[in-house]
Each structure stands twice: as C-alpha cells, then as structure tokens.
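Chains as they are written, first to last, in the numbering used here: chain A, 1 to 244; chain W, 1 to 146. Right, one structure below, let's go through it.
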Amino acid sequence: MIPGWLLLSAAGALLAGYLGAEQRLHRRGDRWPVSRSAAAVGAVVAVAAAGLLPVRSALEETAVHLLVTMAAPLLLALSAPVSLVLRTVTGPARAGVVAVLHSRWARTVTWLPLATALEAGGLCLYYLAPLPHGWHGPLTVHMVLAGYLFSAVLVGPDPVPRRPGILPCSLALLFVFAVHGVVAKLLYAAGEGTAAQLLYYGGDVVEIATAVALFARWYRRSAPRPARGPVALQQLNPADGRPR
Amino acid sequence: MRGRSLLAGVLVGIGVAGFVDEAVFHQILHWHHFYDRGTSTAGLVSDGWFHAFSWLAIVAGLFMFADLQRRRASSRPRVVGGALLGWGGFQLYDGLVHHKVFGLHQIRYGVELLPYDLAWNLAAVAGLVAGTVLLLRARRREARTS
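What follows is the structure, given as structure tokens:
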C-alpha cells in the first residue's frame, strides 16, 4: 500500500502544477476548457481523499484502491495533462517531452491491446495472485500508470498515435469491465465480503463513466456537418442564386 | 439507417434488462443474491461479461439513438421492436442459462420457484414475440409503400 503522506504530496504537486500551468495560459490570453480543469481537480480530490482515509480493514483498503487506481487515472486522462505541458513548457524540456511522445516506446504502450492487457493484468495480479506484501506498493504504481494509459487511449483529449475507432475501444472497455466484475465476484467467493462488493460496484461506476466519456466523444465527432463553402455553392442554382 | 435503428433498439433493450435485474431484483427487492454457493466459475465469468455488456449496451444504445434523432433518421418500430428483442433475449439468457444451467442465483429464495421461473421466462418469450411481430410489420409496411 502507498503511505497516506505520499498520496497527499502527489495530490498537492498535481494541483499546484496544473493550476500553475493553467495560470500561465490565462496570462498569455489563451483559453483552456473548464471541463479539463474540473477533471484535474477531481483527480486531486480522489487522491487526497485516499491519502486521508485510514486503512484499517480490507474495505478501506479497497476504497483507497478504487480512488487511486481507477477514479484518479480516468480523471487525470480527461484533464489532458500532456496538451497542457506541451502548451506551457518551452525549450529543452519541451523537446524532451516531444521526443518521448514520438518514441517507439510511446507508440508501443499506447497500442490498444497492450494498454488493455497492462490494465487488466495489473488488476488480476493484485487481487488474485498470492504476491508477497512488498509487491503491492510497486503494483499499485503500475495500476495507476496503466489506468492512466488505458483511459488516455480510450477517452483522453490528449493526442494518441493511431487512436483506434469506436468498436475496438468499446471491446477493450468491455473486456476490462468484465474482468473487473469477475475478479470482484471471485474475491467474494473467497470470503472477502463487503470489500469485494465495494470493488464490484465502485468499479461499475468508474467503468460506466468511461463508457459515457467514450461515446460522448464519438457523438461529438460524428456530428453531421452542414455543407460548407464550395459544396454549399454547388447546391445553389447558378441561374438565380437560389437553392435548387 | 434502418439497421442502426434496430441496433440502437437491441442495445437499449439489453441494457434495460440488465439494469432492471440489477436495480430492482438485486438492490430494491433483494430477491437475487450477489453470489450463491452453488455458483460455478463458468457462471461467474458469464455473469461478469453480461453485467459489463449490459451497461456498455445501454450507454452505446442511447448515444446511437441520440445520433439518429439529430439526423431525423430513426425508425420508431425498429427501435421499439429491437428493444423488445434485446430485452427478451437477455431476460431469457439470464433466466435459462444463468439461473438454471450455471446456478448463479435463483430469482427468489425460500419460495416455490416454479411460478417465478415460468413468469420470468414467459415474459422474456413474450418480449421476443412482440419484437419480432413489430419488426415484421414494419418491413411489410415499407415493402408496400416502396
């Protein structure tokens, strides 16, 4: 488990960094969608709440886990941190970020099947494999990163190389959603009781939110556009300039 | 766009069946149990897939329906017929495969099960029949007008 003070510091750093960068944009006269800032604040609240929650039972550990490895990565991805960095950081630091984004490594981990496997695999290992206790901390970090990656590929506003279409994205989400439900029920069968139920229903909430974000983007992107420019002119009768 | 109306309807229907199962029978009535000692692992896996699928289906189906509406391209009998087919199909799968074959959980505990099982599965069949009738009627009407 990750200690509470570490989670609180991470939340503080994220809040300061995000708001600072946004302030810089505003001073320059640039606009930044308020929905992205709201998502960032949501991620900060989720991580901070997890840091403040006392962990005395399996139920509380599950609550911390849901907040840190599921809710926070989704909200972070929705807040478009990469775009914010690219628009505010300059010089060699920016070149470094661009180099990472264009690297073979970035293209590999954003490949949908791999991002899906990392997300589902972390979950299965954490809950079903008999791992030594020391592994749980590093595995939690993996799950935060994998959750961010998976959400960024599926629903994040940040640019992703060769972003797959709505059907592969839906199938990937279906897979992760189903694995999550099965893992929670297997834990319940193993006697985990209310903690497993919290994992099951808490997971539902995050996964349904992901589905809404995914299909909302599809809905916006597939909006029928009114004909523009030359096409609109072609639809007019050249004789009198009225619609044919 | 006719195929899309049907697909949107089927997805919403599946989603509604899953939602009613979860909200009414699990949460409000507490008839269904979260887990039953008789549950097999195959049952848990099937349940996990259908639980996830029904939630994604309702979100996808509603967004597809909204898209058809904004294009003024939805065909009402196809949406309604598709929804009845989707609901009936999911309900029948749940009633026969989940409840009976996998023994995931029963409809209700501590009662004579037969009337519950009959009502559950006959309602599903009625939905399937009504959906099919609506779709066939819509097809015949279109064949006559075109």
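We put the CB at the ideal spot given by N, CA and C, even for glycine. Small disclaimer: the values here were computed from a predicted structure and weren't measured.
Leu29(W), DSSP secondary structure in three states: Coil.
So, with DSSP's three-state summary, where would you put Asp94(W)? helix
Residues of chain A with CB under 7 angstroms from Val45(W), in chain order? Val182
Is the beta carbon of Ser170(A) less than 8 angstroms from the beta carbon of Ala77(A)? no
From which residue to which residue does the alpha helix (DSSP H) around Thr132(W) run? 113-145
Please compile the residues from chain W whose C-beta is within a distance smaller than 8 angstroms of the C-beta of Pro224(A). Arg70, Arg71
Only counting the same chain, and skipping five residues up and downstream in sequence, which positions put a Cβ closer than 6 angstroms to that of Arg108(W)? Trp31, Tyr116
With a 10 Å radius around its C-beta and 16 neighbouring C-beta atoms as the bar for buried, classify Val100(A) as buried or exposed. exposed
Which same chain residues end up closer than 7 angstroms to Ile119(A) when comparing Cβ atoms and leaving out the 5 residues on each side of it in sequence? A quick correction: the sequence has Glu, not Ile, at residue 119(A). Correct list, in chain order: Ala146, Gly147, Phe150, Val176.
Any beta carbon from chain B within less than 8 angstroms of Tyr126(A)'s own beta carbon? Looking at the structure shown, chain B is missing, and the protein chains on hand are A and W.
Tell me which residue opens and which closes the alpha helix (DSSP H) that Ala195(A) is part of. 194-221
Taking only the alpha-carbon atoms, compute the straight-line gap between Ala196(A) and Val45(W) and give it to the nearest angstrom. Those two C-alpha atoms are separated by around 15 angstroms.
Starting from the Cα of Leu214(A), find the closest Cα among His99(W), Gly3(W), Val59(W) and give me that residue. Val59(W)
Chain W residues whose Cβ lies nearer than 7 angstroms to that of Gln197(A): Phe34
Please say whether Glu207(A) and Ala58(A) have beta carbons closer to each other than 8 angstroms? Between Ala58(A) and Glu207(A), the C-beta spacing is not below 8 angstroms.
Hey, Phe102(W) and Gly43(W) are a contact pair by Cβ (cut 8 angstroms); roughly how many whole angstroms apart? 3 angstroms
Tell me, please, whether the CB atom of Leu174(A) is closer than 8 angstroms to any CB atom in chain W? yes
Checking contacts by CB at 8 angstroms: is Val59(W) closer than that to chain A? Closer than 8 angstroms to some Cβ of chain A, the Cβ of Val59(W) qualifies, so yes.
Can you tell me the Cα-Cα spacing of Ala39(A) and Arg221(A), whole angstroms? 20 angstroms
Would you please verify whether the beta carbon of Tyr18(A) is less than 8 angstroms from any beta carbon of chain W? Interface residue (Cβ-Cβ distance to chain W less than 8 angstroms): Tyr18(A) is not classified as such.
With distances taken between CB atoms, is the gap from Ala46(A) to Leu67(A) smaller than 8 angstroms? yes
Within 8 angstroms of any Cβ in chain A, is that where the Cβ of Phe25(W) sits? No, Phe25(W) lies away from the interface with chain A (no Cβ there is under 8 angstroms from its Cβ).
Could you tell me if Arg78(W) is buried or exposed, where buried requires 16 or more neighbouring beta carbons within 10 angstroms of its beta carbon? By the 16-neighbour rule on beta-carbons within 10 angstroms, Arg78(W) is buried.
Start and end residues, alpha helix (DSSP H) containing Ala40(A): 34-52
Closer than 8 angstroms, Cβ to Cβ, to anything on chain W: give me those residues from the region 104-116 of chain A, in chain order. Within the region 104-116 of chain A, no residue has a Cβ that lies closer than 8 angstroms to any Cβ of chain W.
Complete runs of the beta strand (DSSP E) confined to the region 32-70 of chain W [at least 3 residues]: The DSSP assignment places no complete beta strand (DSSP E) segment of no fewer than 3 residues inside the region 32-70 of chain W.
Separation of Leu199(A) from Leu128(A), as counted between CA atoms: 13 angstroms
Whose C-beta lies closer than 8 angstroms to the C-beta of Ala126(W) among residues of the same chain, with five residues either side of it excluded? Gly88
Between the region 19-26 of chain W and the region 68-77 of chain W, do three or more beta carbon pairs fall short of 8 angstroms? no
What does the Cβ neighbour count give for Val10(W), buried or exposed, with the cut at 16 atoms within 10 Å? buried
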